[in-house]
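The structure appears below as structure tokens.
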Amino acid sequence: MANYEDELFKGANHKLFEFSKVLRKTATETEDILWQSLRKKQLNGFKFRRQHPLDKYIADFYCHEAKLVVEVDGEIHNTEENKEYDKSRSYEFKELGITVIRFTNEEVIENMKMVLEVIRRHLE
């Protein structure tokens, strides 16, 4: 039986942990806005982690209890190359039993109520 950390991080390597620390310190404004609503178990009592290493990726936000990744996508995610990468990444998370939901920066900034409601539905 896998131990808790193996399950929590899905075998992420040491370099990802170091990079995730950098990402937490350099979070985008939109990530910070969403984090203020997810941190400290504010959303239905579920714990979220930010910039969390999983397998060979780093998730913007991860709830281990719900096996849920929440991604906040800026303009760069609109390129064909990044759309393909995101699709592949979401598929690999799905193979690990993890659901991925994505929001644009604009959705977080302009309609936080909707964003939080969608996340809540995935937590149920």
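Just so you know, we're using the UniProt record's numbering here: the sequence shown kicks off at 1 and counts up by one.
For glycine and all other residues, C-beta sits at the position ideal for the given N, C-alpha and C.
Other residues of its chain near residue i: CB distance less than 7 Å, five sequence neighbours each side excluded
i   : result
A66 : F46, H122, L123
F17 : P53
K41 : K47
Within 8 Å, strictly: CB atoms of residue i and residue j
i    : j    : result
V69  : L34  : no
F61  : L96  : no
N111 : G74  : no
R24  : Y57  : no
F9   : L43  : no
I119 : I98  : no
T30  : V108 : yes
Own chain partners of residue i with C-beta closer than 6 Å, once the 5 adjacent residues on each side are dropped
i   : result
H52 : A59, Y62
R49 : Y62
H14 : none
Limits of the alpha helix (DSSP H) - the one that residue i falls within
i   : result
R89 : 80 to 95
Exposure of residue i, with buried meaning 16 or more beta-carbon neighbours within 10 Å
i   : result
T26 : exposed
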